[in-house]
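Numbering (this note's numbering), first residue to last: 6 to 303.
A virtual CB, placed ideally from N, CA and C, is assigned to each residue, including glycine.
Right under this line is the structure:
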């Protein structure tokens, strides 16, 4: 469906457009929408460009209102904008975010990613902004028809946020039983265990996550975080460095390694990694902190 207000090629000519000109105009609209979408994604990569991202993604949605992907990315941009907005703007942005997530699910009902994001909104948002455990369950029920495994993870998340930890544990364990060779349940259950201060169990889940997803930086980063909570700094350092090997853009983890060497009472190694961090990221707040630390640790 082409939104109103689009300038068709035939509007200044014959009142009886041909099918060819109509099809060409529709194609032009799609191309314009895609251009706005790609610009929006480019701006979304930088926190300083959030407003531009919103502007372009809103235009993409206006041009092509039946694209689930466009609605979802606009919701993502609103979420980024929400995190920086003042308290007066937040309710308006949240309402827009919810609307875009609902539209994304409407146009792509089989998308696990889109439906999970909507469930997360319903679970975390206050009632006045459309939050609802009942609506979250409705989405989890719908997800069950798409993929029972991810519906179990959704029910676990809902139960955890409601404070029903017995049910949350049961759903996570059932998901692991259903697909023992799939990493998502281990990652999410491990994160949940950290939130309930079950650190040893969290470490076990993240170790399984690494085993099943050894080529991703995220698996090692999650495991490292759990080791830090247990004050197992050597293992944490090793896991953080493996994460950096998998994704060299995660330079902040080099800074974290330097901090852990400080905690261990190893100033020489701490200096080494603060200096290493500055090679990759010479600007910004962490860079300033790294320079301060290098001066202090002389």
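Asked: For residue 76 and residue 42, I'd like the C-alpha separation in whole angstroms.; Found: 10 Å
Asked: Alpha carbon to alpha carbon, what distance is there between residue 73 and residue 67?; Found: 13 Å
Asked: For the stretch 230-239 against the stretch 198-214, do three or more pairs of beta-carbon atoms, one drawn from each stretch, fall closer than 8 Å, so that the two count as touching?; Found: yes
Asked: Tell me whether residue 121 is buried or exposed, calling it buried when 16 or more other Cβ atoms sit within 10 Å of its Cβ.; Found: buried
Asked: Under the assumption that residue 274 contacts residue 282 (Cβ atoms under 8 Å), give the Cβ distance between them as a whole number of angstroms.; Found: Between residue 282 and residue 274 the Cβ distance is about 13 Å, and since that is not below 8 Å, they are no contact.
Asked: Pairing CB atoms from the stretch 133-140 with CB atoms from the stretch 111-118, are three or more of them under 8 Å?; Found: no
Asked: Cβ atoms of residue 78 and residue 46: under 8 Å apart, would you say?; Found: yes
Asked: Use the C-beta contact count for residue 105: other C-beta atoms within 10 angstroms, 16 or more gives buried, fewer gives exposed.; Found: buried
Asked: Could you have a look at residue 102 and say whether DSSP puts it in helix, strand or coil?; Found: helix
Asked: Hey, residue 225 and residue 248 are a contact pair by Cβ (cut 8 Å); roughly how many whole angstroms apart?; Found: 4 Å
Asked: Does the distance from the C-beta atom of residue 83 to that of residue 101 stay below 8 Å?; Found: yes
Asked: Report all residues from its chain with a CB closer than 6 Å to the CB of residue 80; omit the five preceding and five following residues, and keep chain order.; Found: 102, 105, 106
Asked: Is residue 153 helix, strand or coil by DSSP?; Found: helix
Asked: So, helix, strand or coil for residue 303, using DSSP?; Found: coil
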